[in-house]
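What follows is a short report on a single structure.
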Amino acid sequence: MSVLVYTESEQGTFKKVALEVASYAKAVANQMGTTVTAVAINADDTSILGTYGVDKVLKVNDSKLDKFNANAYASIMAQAAQKEDSQVVIVSSSADSKYLAPLLAVNLNAGYASNVVEVPSSTAPFTVKRTAFTNKAFNITTINTDVKLVALSKNAFGLVENSAAAAAEDFSPSIPEFGVNVESVDKVTGKVTIADAEIVVSGGRGLKGPENWGMVEELADVLGAATACSKPVSDLGWRPHSEHVGQTGKPVAANLYIAIGISGAIQHLAGINASKVKVVINTDPEAPFFKAADYGIVGDAFEVVPKLIEKLKTFKAQQ
Amino acid sequence: MKILVCISHVPDTTSKINFTEGDTKFDTNGVQFVINPNDEFGLTRAMWFKEKQGASVDVVNVGGPETEPTLRKALAIGADSAIRVNTEATDGFVVAKQLAKVVQDGGYDLVIAGRESIDYNGGMVPGMLAGLTNANFVNTCIGLEVDGTTVTATREIDGGKETVSTSFPLVIGGQKGLVEESDLRIPNMRGIMMARKKPLTVLDPVEATAETAAVKFEKPAPKGAVTLIDADNVDELVNLLHNEAKVI
Ligand SMILES: Cc1cc2nc3c(=O)[nH]c(=O)nc-3n(C[C@H](O)[C@H](O)[C@H](O)COP(=O)(O)OP(=O)(O)OC[C@H]3O[C@@H](n4cnc5c(N)ncnc54)[C@H](O)[C@@H]3O)c2cc1C
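Those protein sequences? They're chains S and L, same order as listed.
Taking this note's numbering, I'd label the letters of the first sequence as residues 8 to 326.
Taking this note's numbering, I'd label the letters of the second sequence as residues 59 to 306.
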């Protein structure tokens, strides 16, 4: 009967999203008067999941599963859901989780709601709130099947400590044909990625050229943030496409989004609306971004940003 | 190679989002509908296959008659024929089940759909379609090459990209990168004239019940005005981010 949650790990260590979905699963399990079971694939130490409310961990260890495969992982989750007789299955909104979720929905014949931002307002009928229209609205959705599948939006619930025992149990599901095989992975390492970042520092065409990105990177460094940019900036080749944020780029659901020299066109805002606190630095007081922002400085980025870096360094040193 | 491109008919990004009937229905009044941006990249990639390697390209939409201008636009861009499954797209599963029937009957090698539609942003249909038709599936696809029976795809992952190999039958959840935005096609006069003569088949839906229901919509609470900070007083921003917003 327990709520089942997929906890992603990388090189044996759980990702932050894993702990967030575990926290969320615990809240849902409390509502339903049941426990949380996590599936952990090739994770080393699973005890930390207890801290975030997981009662039982199904540990799958198999070197064939070292690289993510949506088909195989969905099948493993389906077998775990059957074993645990789970009525609710929860995944994150990472690229991998949103890849496997629709396959899992078919496998379990489960109604699926993605981009969910809150705990269910009711569990019978099972009713969740999700974003729609590229964050311009919310959609209250009921899931009417016996088994329900939910993908939780990033940073929507946060981490909640909730001590439980997290008893580990080995689980050896059958592994299906992969169908899709990974040939090579090209990943930025040692840098905070937009997907994982709690803070994102983003620059637009107002920065004039790639040679001026040093201060954006320095600001990101001080804050432990990821760097991002507007579309024209990546189109001009000043920054890589992977940093392009917006409707045709990456979505950002950060706690803090700092936009420097970005006008705030609707297509850009579509990608960052889900971020909690927005700061804008722009010379033009009429820039549309000021309407979407929480805090704003009307000023020249080349003067404001270096000052901000200095102030933040002092602030961090005092912490 | 037989290609099917799934076309979602969505409100243009700049549309005002409003709801009617007690906030239960999307208000289409004055809204301009377009081909879903993620699908447009896929459609252009399909045209390249057609022109460079030889392929037939059909487009499909699940929806009412109001979506036909969007399908005609896809024909004007160069698709050979269009299919509309005549039913309301009530949820991802319903759409995927209709598409699965089209795919099975049509014997397609490659189905290109968009990573998500910009209306409900579900990101469900391509994966469900792959699951229902037992096809291979590559999501967030930003590059796709076909060489005989071998398919090489690049997909975006958190913090980078990965290259995968796979084979037909295959469903793609595509996005920008499949082609560049500057390569997207705009229908020309000749295309528009030709599109009028191309077949647009209307199919009856197969039986499928929605497994989820959108019971109500809400708009985000109106945002308070921006707090402006003097450019000479950057200290104040640090203070507010720490003490008021509590994000640093
Ligand atoms: C279909 C479609 C999809 C799109 N998708 C996206 C998307 O995903 N993401 C995206 O970002 N855009 C997207 N766009 C483009 C979008 O409409 C805007 O053109 C783009 O966001 C503008 O980028 P920008 O603000 O960096 O540049 P600009 O519009 O050139 O604005 C630069 C800003 O910098 C300010 N500035 C100049 N100098 C300084 C200075 N010294 N200090 C501080 N401020 C300064 C200016 O006042 C101005 O506000 C899309 C457009 C279309 C049509």
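Every residue, glycine too, gets a C-beta built ideally from N, C-alpha and C.
{"Item": "A45(S) by DSSP, collapsed to three states: which one?", "Value": "strand"}
{"Item": "How big is the Cα-Cα spacing for P109(S) and E174(L)?", "Value": "12 angstroms"}
{"Item": "Classify F322(S) as helix, strand or coil using the three-state DSSP reduction.", "Value": "helix"}
{"Item": "Which residues, taken in chain order from the segment 24 to 44 of chain S, show a beta carbon closer than 7 angstroms to some beta carbon of chain L?", "Value": "none"}
{"Item": "Quick one: is L72(S) near chain L, going by C-beta distance under 8 angstroms?", "Value": "no"}
{"Item": "Anything in the segment 288 to 303 of chain S with a Cβ closer than 8 angstroms to a Cβ of chain L? List those residues in chain order, please.", "Value": "F297, K298, A299, A300, D301, Y302, G303"}
{"Item": "Taking S30(S) as part of the alpha helix (DSSP H), name the residues at either end of that continuous run.", "Value": "23 to 39"}
{"Item": "Given K313(S), which residues of its chain have a CB within under 7 angstroms of its CB, disregarding the five upstream and five downstream residues?", "Value": "A quick correction: the sequence has Pro, not Lys, at residue 313(S). Correct list, in chain order: M222."}
{"Item": "So which residues touch the region around ligand 1, with touch meaning a C-beta under 5 angstroms from any heavy atom?", "Value": "G211(S), R212(S), G213(S), S237(S), K238(S), P239(S), G253(S), Q254(S), T255(S), G256(S), G268(S), I269(S), S270(S), A272(S), Q274(S), H275(S), N289(S), T290(S), D291(S), A294(S), D307(S), A308(S)"}
{"Item": "Please name the residue, chosen from V240(S), D193(S), I267(S), that lies closest to A227(S) on a Cα-to-Cα basis.", "Value": "I267(S)"}
{"Item": "Taking Cβ to Cβ, would you say G185(L) is nearer than 8 angstroms to G231(L)?", "Value": "yes"}
{"Item": "Specify, as a first and last residue, the run of the alpha helix (DSSP H) that S82(S) falls within.", "Value": "77 to 91"}
{"Item": "Let me see if you follow: with CB-CB separation under 8 angstroms, is P109(S) close to chain L or not?", "Value": "yes"}
{"Item": "Establish whether the CB of M182(L) and some CB of chain S are separated by less than 8 angstroms.", "Value": "yes"}
{"Item": "Please name the residue or residues paired with D177(S) in a DSSP beta bridge.", "Value": "K66(S)"}
{"Item": "Return the first residue and the last residue of the alpha helix (DSSP H) that K238(S) is part of.", "Value": "238 to 242"}
{"Item": "Listing by chain order, which chain S residues have their CB less than 8 angstroms from the CB of K159(L)?", "Value": "Under the 8 angstroms cutoff, chain S gives no residues; its nearest Cβ is about 15 angstroms from K159(L)."}
{"Item": "If we ignore side chains and look at the alpha-carbon of each, how far apart do E269(L) and D153(S) end up?", "Value": "10 angstroms"}
{"Item": "Could you tell me the alpha carbon to alpha carbon distance between N116(S) and S82(S), rounded to whole angstroms?", "Value": "13 angstroms"}
{"Item": "Suppose you measure from the CA of S170(S) to the CA of K33(S); what does that come to, to the nearest Å?", "Value": "10 angstroms"}
{"Item": "Do E276(L) and I97(S) have their CB atoms nearer than 8 angstroms?", "Value": "no"}
{"Item": "Taking the beta strand (DSSP E) that T148(S) falls in, what are its first and last residues?", "Value": "144 to 150"}
{"Item": "If I measure Cβ to Cβ from V229(S) and keep anything under 8 angstroms in the same chain, skipping five residues before and after, which residues do I get?", "Value": "I316, L319, K320, K323"}
{"Item": "From S223(L), H67(L), I141(L), pick the residue whose C-alpha is nearest to that of N147(L); which is it?", "Value": "In the sequence as presented, Asn is not what sits at residue 147(L); that position holds Ala. Comparing Cα-Cα distances from A147(L) to each of S223(L), H67(L), I141(L), the minimum goes to H67(L)."}
{"Item": "Using the Cα positions of P247(S) and Q233(L), report the straight-line distance between them to the nearest angstrom.", "Value": "16 angstroms"}
{"Item": "Alpha carbons only, please: which of L299(L), G136(L), F195(L) is nearest the one belonging to E184(S)?", "Value": "F195(L)"}
{"Item": "Report buried or exposed for L243(S), applying the criterion of at least 16 other Cβ atoms within 10 angstroms of its Cβ.", "Value": "exposed"}
{"Item": "Which residue marks the beginning of the alpha helix (DSSP H) containing I55(S), and which one marks its end?", "Value": "55 to 58"}
{"Item": "Who pairs with N119(L) in a beta bridge, going by DSSP?", "Value": "R142(L)"}
{"Item": "Does the separation of the CB atoms of E214(L) and T198(L) fall below 8 angstroms?", "Value": "yes"}
{"Item": "State buried or exposed for D177(S), treating a residue as buried only when at least 16 other CB atoms are found within 10 Å of its CB.", "Value": "exposed"}
{"Item": "In three-state DSSP terms, what is I170(L)?", "Value": "strand"}
{"Item": "Just the Cα atoms here: how many angstroms apart are R254(L) and N122(S)?", "Value": "39 angstroms"}
{"Item": "Closer than 8 angstroms, CB to CB, is L243(S) near chain L or not?", "Value": "no"}
{"Item": "Less than 8 angstroms between the CB atoms is what I'm expecting for A266(L) and V161(L), so what's the real figure, rounded?", "Value": "Actually they do not touch by this definition, with Cβ atoms about 14 angstroms apart."}
{"Item": "Ordered along the chain, which non-local residues of its own chain (more than five positions away) have a Cβ less than 6 angstroms from that of T86(L)?", "Value": "none"}
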